[in-house]
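Student: Residue numbers (my numbering), protein chains in the order written: chain A, 167 to 537; chain B, 167 to 537.
(1) Which residue marks the beginning of the beta strand (DSSP E) containing residue 265(A), and which one marks its end?
(2) Would you mind working out which of 378(B), 373(B), 233(B) sits nearest residue 363(B), comparing C-alpha positions?
(3) Pick from 225(B), 288(B), 221(B), 254(B): whose alpha carbon is nearest that of residue 235(B)?
(4) Is there a Cβ of chain A sitting closer than 8 Å to that of residue 330(B), yes or no?
(5) Along the segment 450-465 of chain A, what residues have a CB closer than 8 Å to any CB found in chain B?
(6) Taking any Cβ of chain A, which residues in the segment 184-207 of chain B have a Cβ under 8 Å from it, in chain order?
(7) Is it buried or exposed for residue 300(B), if we count other Cβ within 10 angstroms and need 16 for buried?
(8) How would you list, in chain order, the residues of chain A whose beta-carbon sits under 7 Å from the beta-carbon of residue 428(B)?
(9) Suppose the cutoff is 7 Å on Cβ atoms and the five residues either side in sequence are ignored; what does the same chain contact list for residue 201(A) look like?
(10) Would you identify the three-state DSSP class for residue 501(A), choosing helix, strand or coil?
(11) So residue 480(A) contacts chain B; which residues on that side make the cut at Cβ distance below 9 Å?
(12) List, in chain order, every chain B residue whose beta-carbon is nearer than 9 Å to that of residue 493(A).
(13) Return the chain-ordered list of same chain residues with a C-beta closer than 8 Å to the C-beta of residue 317(B), the five sequence neighbours on each side being excluded.
(14) Put residue 302(B) into one of helix, strand or coil per three-state DSSP.
(15) So, do the segment 409-423 of chain B and the segment 273-289 of chain B have three or more beta carbon pairs nearer to each other than 8 Å?
(16) Let's see if you can read the secondary structure: which residues bound the alpha helix (DSSP H) around residue 178(A)?
(17) To be precise: take each residue of the segment 434-446 of chain A, compare its Cβ to all Cβ atoms of chain B, and keep it if any distance is under 7 Å. Which residues remain?
(18) With DSSP collapsed to three states, give me the class of residue 491(B).
(19) Tell me which same chain residues have a C-beta within less than 7 Å of the C-beta of residue 339(A), skipping the five on either side of it?
(20) Could you please give the first and the last residue of the uninterrupted beta strand (DSSP E) stretch that includes residue 367(B)?
(21) Along the beta strand (DSSP E) that carries residue 469(B), what are the first and last residues, could you check?
(22) Using the rule of at least 16 other Cβ atoms within 10 Å of the residue's Cβ for burial, across every protein chain shown, is residue 184(B) buried or exposed?
(23) Applying a beta-carbon distance threshold of less than 8 Å, which residues of chain A neighbour residue 432(B)?
(24) Which residue marks the beginning of the beta strand (DSSP E) containing residue 481(A), and which one marks its end?
(25) Identify which residue in 371(A), 298(A), 385(A) has its Cα closest to the Cα of residue 337(A).
(26) Reducing DSSP to helix, strand and coil, say where residue 360(B) ends up.
(27) Taking the alpha carbon of residue 214(A) as the point to measure from, which residue in 351(A), 241(A), 441(A), 466(A) has its own alpha carbon closest?
(28) Going by alpha carbons, who is nearest to residue 499(B) out of 289(B), 371(B), 167(B), 288(B)?
(29) Going along the chain, which residues of the segment 504-524 of chain B sit with their C-beta nearer than 7 Å to a C-beta in chain A?
(30) Rounded to whole angstroms, what is the Cα-Cα separation between residue 367(A) and residue 375(A)?
(31) Going along chain E in order, which residues have a C-beta closer than 7 Å to the C-beta of residue 398(A)?
(32) Please list, in chain order, all residues of the same chain as residue 436(B) whose beta carbon is under 8 Å from its beta carbon, the five residues on each side excluded.
(33) Grab me the residues of residue 373(A)'s own chain with a C-beta within less than 8 Å of its C-beta, minus the 5 sequence neighbours each way, in chain order.
(34) Within 10 angstroms of its Cβ, does residue 408(B) collect 16 or more other Cβ (buried), or is it exposed?
(35) Counting only the same chain and skipping the five closest in sequence on each side, list residues whose C-beta sits under 6 Å from that of residue 388(A).
(36) Quick check on DSSP: helix, strand or coil for residue 527(A)?
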């Protein structure tokens, strides 16, 4: 089976590495002009001229990147099976649609308003009560296209700095930590949930993911699974879906979802029975889902901006190095390291030791280190 | 770093899958005309015309297949670093050189003679005492080019059936089981040993490998490690080396070695901290060696000749499927499944269940099932 992947970055690379052992081959369709998958066949098509050629070479299509025009995904779906469906893409690209769907399915979100001018942004900030977070309604990821308003009077400056015509304005959530749940749904409708992951961001970029998230109540896990199951079923979703959540004293609050494998699931390559990448390939190919149970405890550390002392990290017996073969650039995801351990105590020590060889890494901080 | 691989079969495929995450790229040099690696760049060169082209595209060279002319390896070594060295290849291609080296290093072997005619074969059989095993001195693997003589009078028929000009004749070893040890040596001379594996063959082809080999004494393990360390150091070896051994009431007896990753080490992909493939890439690239400790107990089942019911195997939560994307043909290695468990009891049950979906698989038999 030949799988077409829309996008050609490191997520596509890891999908292919997981898919070859299942006898899949890969063709990537890159619209950025700078593919980095580094294996499989890559079609670079900045002008959209070679889509037919791409489609003639594949049996079904998936994506590793959700910021492509829904019209393109819909055109593809008329020719070849596309998993997950273009509707999933459409919902995830539009924060208003996403939040509306969350509300319909009973998934708690921060209180929110739409703003289409500096004036309405100020009005929204006043109604919600500051601080609020304003985000472009479409596009934007890794913290881009966002601003925090500490007072309604900051609306004009925020409106100008974001530079979009339609914003979603959210009441600030006083969360204790950020977590994510990754689930996978098969063509037959089977669903499997990975353990919830605790995520630490720095400068808007994910830095550390600890899995299974420590100190998580069974009730909270059940909530997260119920929420993502509702989304999977509502969207008749096939493949891996990620839901980012805030943990608050009043329970979980949904932040956003991603219709794909996710950075907070990279630990599954060594830390789970079946990786998120293999499970996505299994799902879109029509196979049974693989085992999502954890193997010990894991922490993924992103390598951001510069590689650091990889040779020293390769000497650590508990570290698994994944490089994306990309050039160094501030803020760029260059790779990740997964640290495995048998206990959280051991994990903290090992993560700190590994991070000491990554000059760009912020100090390891999560619920484990806060005592 | 661009790694050139001589040969382009499933071993090369798995080397590449392990090497991409370390930011290596791969160019395969195929002399068979039927490469199956399925990823990386493949240069097919049945006439030996494109070797210079291949060498211009790579930084260093290794192999996944040892049956290529030593003269080719030597020519390559004059242009680019080759690991392991051509001498390792030369020794492994010639059973007489191999057995002589074993003897020099104090590694026990079956008693052996050289035969260069039907008459000398008969004489050797008489001297050693039947049964004896006659093997072509060069070439031959997976049980090809071999014959068992139950009486010296069978020499003429055996000589003709093998059809080689120089044979090695070995006294039959009364072994309790076959095991192998896989070790890796870095450019700096560091050595790491994987746990010894117990191997079961059927019709001359490896079918099952259980690791760590059950019921193995510490003294036997120490012997195997001493033997392979002596080989690694003598050959100034860089990369993964495999030594196949017979376990007998009088201790271990060496059968043969392979200067490469080995089918009996495929379990390391999920069953060890670092796979044999990653460790080979680490070694030939000049990195530190990875952790060779086992993760639970494992059994690798080869998929031979026909694929069987892969969909059912994908449903087993403890099975890891690796397909080589090759067409079915009797006796052909099409893939393997690694079964993981926390105990040998559980392992046996799981292996039997998995094997029931592989019509070509012989009944699971090893020291665990013999009680």
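Cβ atoms here follow ideal geometry from the backbone N, Cα and C, with glycine treated the same way.
Tutor: Based on what the coordinates show:
(1) Position 99 of the first chain, counting from 1, holds the residue named residue 265(A). Where residue 265(A) is concerned, there is no enclosing beta strand (DSSP E), although the alpha helix (DSSP H) it sits in stretches over 261-270.
(2) As a position in the second chain, residue 363(B) is number 197, starting the count at 1. The shortest C-alpha separation from residue 363(B) is found at 378(B).
(3) Working through the second chain from its first residue, we reach residue 235(B) at position 69. Closest option to residue 235(B), Cα to Cα, is 254(B).
(4) Locating residue 330(B) in the second chain gives position 164, where the first residue counts as 1. So, not an interface residue.
(5) 453, 454, 456, 457, 459, 461
(6) 186, 187, 188, 189, 191, 204, 205, 206
(7) Taking the second chain and counting its residues from 1, the one referred to as residue 300(B) is at position 134. With 16 or more Cβ atoms within 10 Å of its Cβ, residue 300(B) is classed as buried.
(8) Here the question's residue 428(B) lines up with position 262 in the second chain. Those within 7 Å of residue 428(B) in chain A number zero; the least Cβ separation is about 18 Å.
(9) Working through the first chain from its first residue, we reach residue 201(A) at position 35. 174, 194, 208, 210, listed in sequence order.
(10) What you label residue 501(A) is simply residue 335 of the first chain in a count that begins at 1. Residue 501(A): strand per DSSP, three-state reduction.
(11) Residue mapping note: residue 480(A) aligns to position 314 of the first chain, counting from 1. Near residue 480(A) (Cβ distances below 9 Å), the residues of chain B are 188, 448, 453, 454, 455, 456.
(12) Position 327 of the first chain, counting from 1, holds the residue named residue 493(A). Chain B residues near residue 493(A): none, gap ~11 Å exceeds 9 Å.
(13) Along the second chain, one-based indexing puts residue 317(B) at 151. Closer than 8 Å at the Cβ level, and outside the excluded window around residue 317(B), lie 291, 296.
(14) In the second chain, the residue the question calls residue 302(B) occupies position 136. Residue 302(B): strand per DSSP, three-state reduction.
(15) yes
(16) Locating residue 178(A) in the first chain gives position 12, counting from the first residue. Segment 176-185, the alpha helix (DSSP H) holding residue 178(A).
(17) 439
(18) As a working note, residue 491(B) is residue 325 in the second chain. In the structure shown, residue 491(B) sits in coil (DSSP, three-state: anything other than H, G, I, E or B).
(19) Counted from its first residue, the first chain places residue 339(A) at position 173. Excluding sequence neighbours, residue 339(A) sits near 276, 412, 414, 419.
(20) Against the second chain, residue 367(B) aligns to sequence position 201. First-last of the beta strand (DSSP E) with residue 367(B): 363-368.
(21) Along the second chain, one-based indexing puts residue 469(B) at 303. Element bounds for residue 469(B): 463-470.
(22) Position 18 of the second chain holds residue 184(B). Counting Cβ neighbours within 10 Å, residue 184(B) comes out buried, since at least 16 surround it.
(23) Counting from one through the second chain, the residue named residue 432(B) turns up at place 266. Result: empty, since nearest Cβ-Cβ is about 11 Å, beyond 8 Å.
(24) One-based indexing of the first chain puts residue 481(A) at position 315. Neither: residue 481(A) is in no beta strand (DSSP E) and is coded neither H nor E.
(25) Position 171 of the first chain, counted from the start, is the residue given in the question as residue 337(A). Among 371(A), 298(A), 385(A), the Cα nearest to that of residue 337(A) belongs to 298(A).
(26) As a working note, residue 360(B) is residue 194 in the second chain. Correct three-state label for residue 360(B): coil.
(27) Position 48 of the first chain holds residue 214(A). Answer by Cα proximity: 241(A).
(28) Along the second chain, read from residue 1 onward, the residue named residue 499(B) stands at position 333. Considering only alpha carbons, the answer is 371(B).
(29) none
(30) Position 201 of the first chain holds residue 367(A). Position 209 of the first chain holds residue 375(A). One C-alpha to the other measures close to 9 Å.
(31) Annotation note: the requested chain E is absent from the structure, which comprises protein chains A and B.
(32) Your numbering for residue 436(B) matches position 270 in the second chain. Answer for residue 436(B): 461, 464, 486, 504, 506, listed in chain order.
(33) By one-based count along the first chain, residue 373(A) stands at place 207. Same-chain partners within the cutoff: 366, 367, 467, 468, 470, 527, 528.
(34) Residue mapping note: residue 408(B) aligns to position 242 of the second chain, counting from 1. So residue 408(B) ends up on the buried side.
(35) Here residue 388(A) refers to the residue found at position 222 of the first chain. The answer is none, since no qualifying residue turns up.
(36) The residue given as residue 527(A) occupies position 361 in the first chain. Residue state, collapsed to three classes: coil.
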